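*Asks:*
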Amino acid sequence: MGSGYDVLIRQGILENLGEAFLERRLGGPVALVCDETVAGLYADGALAALAQAGIGAQLVTIPVGEEHKSMQTVHVLWDAFLAAGLERSSTVLALGGGVTGDLAGFAAATFLRGVDWVAAPTSLLAMVDASIGGKTGVDLPQGKNLVGAFYPPRMVLADPATLRTLPVAELRSGLAEVVKAGIIDDPALFAACSQGLDAVQASLEEIVRRAAAVKIRMIQDDPYEVGRRAALNLGHTFGHALEAASGYQIRHGEAVSIGMAAAARLSGRLGLAGGGLAEEIAETLRGLGLPVQLPLDLDWDAIQGGMWVDKKRRAGSHRFVLPVRIGLVQVGVEVRDLSLVRDALYK
């Protein structure tokens, strides 16, 4: 269980979509939201599974990419929900990665003042992070996730079999969130990630379970991020700003990886982390094929601008989650001297 809803991780679970809907009395018609890539891989199977249970569904496709996580796409979804005849008792099914879940969840939260939705993540990043916790939303030109709502799904159905079709670059991106989970609350998970990409791929289902369990523990007592849950933002103050500054050419996981490495360096320079922690984290990330240094063509002014619209800022100071040791982070660390932040990114 995670914050009042089931998080089910099982091979082949998408084949039993209809049964899962009936067990939870989720009504139709269902709007099945997928991006164009996922629709070609899994939409027919999902529609067939729902039809077998007597549940009518309409496929709604959206463009691929973070650049489409916008209010314009939400308007497209609202129009599609109306055309599909969705009512207050209907359900939105988000089948895909984190962008799809954020968009479909936010559209569900706001359509008819809220209809039920189900998350069926097909990417590693979505399975271990984006689909769990009830955060939904869209980006603005000024930054990521600046409009949104806490609106938990009725359930999360994660089928690790879908990871077989995931490009290696996307798998690596998701592993950044797995490493984050290990740093925050699971030293054994971090140690497993330190074995390298091949070892992680050999035990991927267990890796997914452990990383998801960390997030579930974090959100159970803090569903609205007023305390402990803020630890999940490790690497994200840097990461979101890097994504925006790159025009979303850097993948989310890559940006978080760079952000975690920078956070570890900053933590050491502030005297919070012991010697060697920053290199230990960087070495693990590098072993998974993830970046730990800022691309040279990213401008500091653009990055700083992204940080100014970060949701965690308070009274003009930037607040960071910083690692103290593997398994322990400190939240809400205020840093007013941005030269320290810049140096952690660039040096």
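Just so you know, we're using my numbering here: the sequence shown kicks off at 36 and counts up by one.
The beta-carbon is built from N, C-alpha and C at its ideal position, and this holds for glycine as well.
Please read all numbers here as calculations on a predicted model, not as lab measurements.
Spatial neighbours of Ala143 within its chain, please: CB distance less than 6 Å, with the 5 preceding and 5 following residues excluded, ordered by chain position.
*Replies:* Taking Ala143 as the centre and dropping the five residues before and after it, the same chain places the C-beta of Val127, Val150 and Trp152 closer than 6 Å to its C-beta, in chain order.
*Asks:* So, are the CB atoms of Tyr283 and Glu71 less than 8 Å apart?
*Replies:* For Tyr283 and Glu71, no; Cβs fall outside 8 Å.
*Asks:* Alpha carbon to alpha carbon, how far is Val134 from Ala154?
*Replies:* 12 Å
*Asks:* What does a CB cutoff of less than 7 Å around Leu76 pick up in its chain, not counting 5 residues either side in sequence?
*Replies:* Thr200
*Asks:* Please go through the stretch 113 to 155 and give each complete beta strand (DSSP E) segment of 3 or more residues, from N-terminal end onward.
*Replies:* 126 to 131, all fully within the stretch 113 to 155.
*Asks:* Is Arg371 buried or exposed, if buried means 16 or more other CB atoms sit within 10 Å of its CB?
*Replies:* exposed
*Asks:* I need the DSSP call for Tyr381, collapsed to helix, strand or coil.
*Replies:* helix
*Asks:* Just mark Pro358 as buried or exposed, buried being the case when its beta carbon has 16 or more other beta carbons within 10 Å.
*Replies:* buried
*Asks:* Ala81 and Pro64: beta carbons closer than 8 Å?
*Replies:* no
*Asks:* According to DSSP, simplified to helix, strand and coil, what is Tyr77?
*Replies:* helix
*Asks:* Pull up the distance between the alpha-carbon of Leu147 and that of Ala83, whole angstroms please.
*Replies:* 27 Å
*Asks:* Please report how far the alpha carbon of Arg207 lies from the alpha carbon of Leu331, in whole angstroms.
*Replies:* 21 Å
*Asks:* Could you check if Ala386 is buried or exposed, using at least 16 other CB atoms within 10 Å of its CB as the buried criterion?
*Replies:* Given a span of 36 to 382 for the chain in the structure shown, any question on residue 386 remains unanswerable.
*Asks:* Just the C-alpha distance for Asp336 and Ala290, rounded to the nearest angstrom, thanks.
*Replies:* 17 Å
*Asks:* Going by DSSP, name the residue or residues bridged to His353.
*Replies:* Val370
*Asks:* Please report the straight-line C-alpha distance between Gly303 and Gly310, rounded to a whole angstrom.
*Replies:* 7 Å
*Asks:* In chain order, what residues of the same chain lie with their CB nearer than 7 Å to the CB of Asp256, ignoring the 5 residues before and after it?
*Replies:* Within its own chain, the residues whose Cβ lies closer than 7 Å to the Cβ of Asp256, once the five positions on either side in sequence are excluded, are Arg263, listed in chain order.
*Asks:* Taking the C-alpha atoms as reference points, what is the distance between Leu43 and Leu192?
*Replies:* Rounded to whole angstroms, the separation of the alpha carbons of Leu192 and Leu43 is 5 Å.
*Asks:* Quick one: what's got a C-beta closer than 7 Å to Gly89's C-beta in the same chain, skipping five residues either side?
*Replies:* none
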